[in-house]
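In the numbering used here, the protein residues as written are 1120 to 1274.
Idealized CB from N, CA, C, for every residue including glycine.
For clarity, every value in this text was computed on a predicted model and none was experimentally measured.
One structure is given below, encoded as structure tokens.
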Amino acid sequence: MPFGRTCIWMVAPIAMAASAQVQLPDAPGKEATIAVCGTCHEPHRAASVRLTREGWQDTLAKMVALGATGTDDELAQVLEYLAEHFKGNAPRPLNLNSATAIELESVAGLLRKEAAAWIAHRKKAGPCKSLDDFKKIRGVPFRKIHDRRDRLVCF
Ligand code: HEC
1120 MPFGRTCIWM
1130 VAPIAMAASA
1140 QVQLPDAPGK
1150 EATIAVCGTC
1160 HEPHRAASVR
1170 LTREGWQDTL
1180 AKMVALGATG
1190 TDDELAQVLE
1200 YLAEHFKGNA
1210 PRPLNLNSAT
1220 AIELESVAGL
1230 LRKEAAAWIA
1240 HRKKAGPCKS
1250 LDDFKKIRGV
1260 PFRKIHDRRD
1270 RLVCF
């Protein structure tokens, strides 16, 4: 549902998205990352996950396909910056708003009934905006979401 998601960012106050997020460390590539990754969503928000270098490479390719623009040099700088400062074990982030039950079980570590509780909640109350939303969602243990915050997003 691409339109639904586009709308969410249009209305989401930037300050709110930034509040729970990490700082972008001062290092080469920071400026390029803000320039290339900060137009559609907060760059901090993008950098809330920790991925392998290949994971960042795939994510950059996905963002370019979605319309992100930059020179080859800028994109190379962004990749270096993210791969260096936001390095992790996950091959890709999982968007909790579009994840299937199987993905919620395998990637987020939820039990089948917990995955079902989130999917039912999502259908009724709409998408999550931040992982903190899970502090208040009945039937889904926040601890599990928090434990895997390096690979989970609410986009
Ligand atoms: C043209 C608009 C646009 C720009 C610029 C952009 N993104 Fe995104 N980004 C999106 C959209 C749309 C989504 C949601 C995709 C989805 O839900 O499948 C997204 C989602 C993400 C996600 C969540 C995981 C995912 O795969 O959905 C990450 C991480 C991310 N972007 C990182 C970045 C980085 C890093 C950059 C800079 C290279 C960037 N974005 C630039 C549009 C953009």
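Alpha carbons only, please: which of the options is nearest the one belonging to residue i?
i, options, result
"E1233", "K1248, E1150, R1211, I1256", "I1256"
"S1249", "I1264, K1243, A1180", "I1264"
"G1228", "L1271, K1243, Q1142, D1177", "L1271"
"T1190", "F1261, K1254, V1259, G1148", "G1148"
"T1178", "D1252, L1213, A1146, T1158", "L1213"
"A1187", "L1215, R1211, G1157", "G1157"
"A1218", "Q1196, P1260, K1206, R1241", "R1241"
"G1174", "R1211, E1199, C1247", "R1211"
"L1230", "C1247, G1207, F1261", "F1261"
"Q1176", "E1199, A1146, R1164", "E1199"
"N1216", "A1146, F1274, Q1142", "F1274"
"E1193", "R1267, A1146, E1150", "E1150"
"R1164", "A1180, Q1196, G1207, Q1142", "Q1142"
Can you tell me the Cα-Cα spacing of residue i and residue j, whole angstroms?
i, j, result
"A1209", "L1201", "13 angstroms"
"C1159", "G1258", "32 angstroms"
"V1183", "V1155", "10 angstroms"
"H1204", "E1222", "26 angstroms"
"T1171", "A1239", "32 angstroms"
"V1226", "C1247", "17 angstroms"
"E1224", "R1267", "12 angstroms"
"G1207", "K1254", "24 angstroms"
"A1166", "W1237", "24 angstroms"
"G1123", "A1195", "Note that G1123 scores 44 on pLDDT, short of 50, meaning its location in the model is unreliable; the coordinates nonetheless yield the value given after this. If I take the Cα positions, the gap works out to 31 angstroms."
Would you mind giving the Cβ-Cβ distance between residue i and residue j, rounded to the nearest angstrom? I have them listed as a contact below 8 angstroms.
i, j, result
"T1152", "P1144", "Actually they do not touch by this definition, with Cβ atoms about 10 angstroms apart."
"D1252", "V1168", "So it is not a contact: roughly 17 angstroms between Cβ atoms."
"A1235", "A1220", "7 angstroms"
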